[in-house]
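Residue numbers for the sequence shown follow numbering that gives the first Met the number 0, so the first one is 0 and each next one is one higher. By construction, the Cβ of each residue, glycine as well, lies at the ideal position given by its N, Cα and C atoms. Everything below concerns the one structure shown next.
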Amino acid sequence: MLSRLIDVAGRHQVRVYEGGSGPQLLYMHGAGGLLANDPFLARLTQHYRVTAPLLPGYEDSDSSAPLRTMLDFTLFGFDVWETLKLDEPMLVGHSMGGMIAAEMAALDNSSVKRLALICPAGLWLDAQPIPDLFAKLPFELPELLFYDPKKHAALLSAGGDFNDPEFLTDFLVGNARRMGTAGKILFPIPDRGLAERMYRIRARTQIIWGAADRLIPPIYAEQFAAGIAGSHVTMIPEAGHMVPYEQTVAVVSSITKLHN
């Protein structure tokens, strides 16, 4: 995929990744951002014209008007949409990005026609609390995020070694910037009232979950399905929270069903 910096509403300088051909798809990333040479987006480009903006604080995306509230994040998504003159794109979001995508679909329920939520954040169940991602050390993340951490852990570090002090320092600095943005809507708990607004979502919706998700337990899929009328849940085996990378083909197949 190619990338470029764009000016968004005179408020943000945003790195946007673009590629592929076909129906338009707007992708909202999770708290970890995009992976190096992101294999999930690469697979999506075989079916869609993919646009994937990076939130301020991720890579070299920056802002003169920092995002502070859930509404700010939601409007940011629409500002990118309008800046790039997207025409009714399918809206896809993973984890934190799913939370943003769901809020967008609730706020403007006439423009968002197709919605895919992949292990989205945004709800909270006292009986099934979500682990505090911000309290985790880098070496603890693979076990939390992957069904098979030994096989996929290198994805998080782009092959780097967390035992290398220089690499670890660079990772922690970048991660601090990312988490500084994500924390505005995910800390101390990832709940900004989405449950009260999901009834407004009219988009044809696929809810996709890793059956072994240790970060956001699969019971949350039921809560999203109950809140979004007519939505469909796809539970994918042998996958954790990073299901787009552990079971890429299955996730993309579920997304393409929204066009069937």
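- Here LEU24 really is in contact with ARG48; their C-beta atoms are around 7 Å apart, less than 8 Å.
- Separation of the CB atoms of HIS231 and ILE200 is rounded to 13 Å, and the pair is thereby denied contact status at 8 Å.
- Leaving aside the five residues that flank HIS151 on each side, the residues in its chain whose CB is nearer than 8 Å to its CB run, in chain order, PRO141, PHE145, MET241, TYR244 and GLU245.
- GLY92 has MET27 and LEU116 as its beta-bridge partners, per DSSP.
- Bounds of the alpha helix (DSSP H) holding PRO164 are 164-185.
- Taking a contact as a CB-CB distance under 8 Å, the pair ALA225 and ILE235 does not count as one, their CB atoms being some 20 Å apart.
- For ALA30, the closest of SER62, ALA181, ARG176 and LEU167 by C-alpha to C-alpha distance is ALA181.
- In this structure the stretch 7-21 lies against the stretch 56-71, because at least three pairs of beta carbons, one per stretch, are closer than 8 Å.
- When the beta-carbon positions are compared, ARG203 and LEU124 stay at least 9 Å from each other.
- Excluding its 5 nearest sequence neighbours in each direction, ALA211 has C-beta neighbours in its own chain below 6 Å: TYR146 and GLY239, listed in chain order.
- Classified as buried, ILE184 has 16 or more neighbouring CB atoms from the shown chains inside 10 Å of its CB.
- In the DSSP annotation of this structure, the continuous segment of the beta strand (DSSP E) that includes ASP6 starts and ends at 1-7.
- A distance below 9 Å separates the beta carbons of GLU102 and LEU193.
- Around the beta carbon of VAL13, 16 or more other beta carbons sit within 10 angstroms, so the residue counts as buried.
- Under the DSSP assignment, PRO52 falls in the beta strand (DSSP E) whose first and last residues are 48-52.
- Comparing alpha-carbon positions, the option among LEU136, GLY76, HIS93 and GLY173 lying closest to GLY121 turns out to be HIS93.
- Take the alpha-carbon of ARG176 and the one of GLY56: they are about 5 Å apart.
- As computed with DSSP, GLY209 is found in a beta bridge with ILE235.
- Between LEU114 and VAL91, the alpha-carbon positions lie close to 6 Å from each other.
- Contact annotation, ALA100 with MET27: C-beta distance approximately 5 Å; criterion of less than 8 Å satisfied.
- When rounded, the separation of the alpha-carbon atoms in GLN127 and ASP78 is 34 Å.
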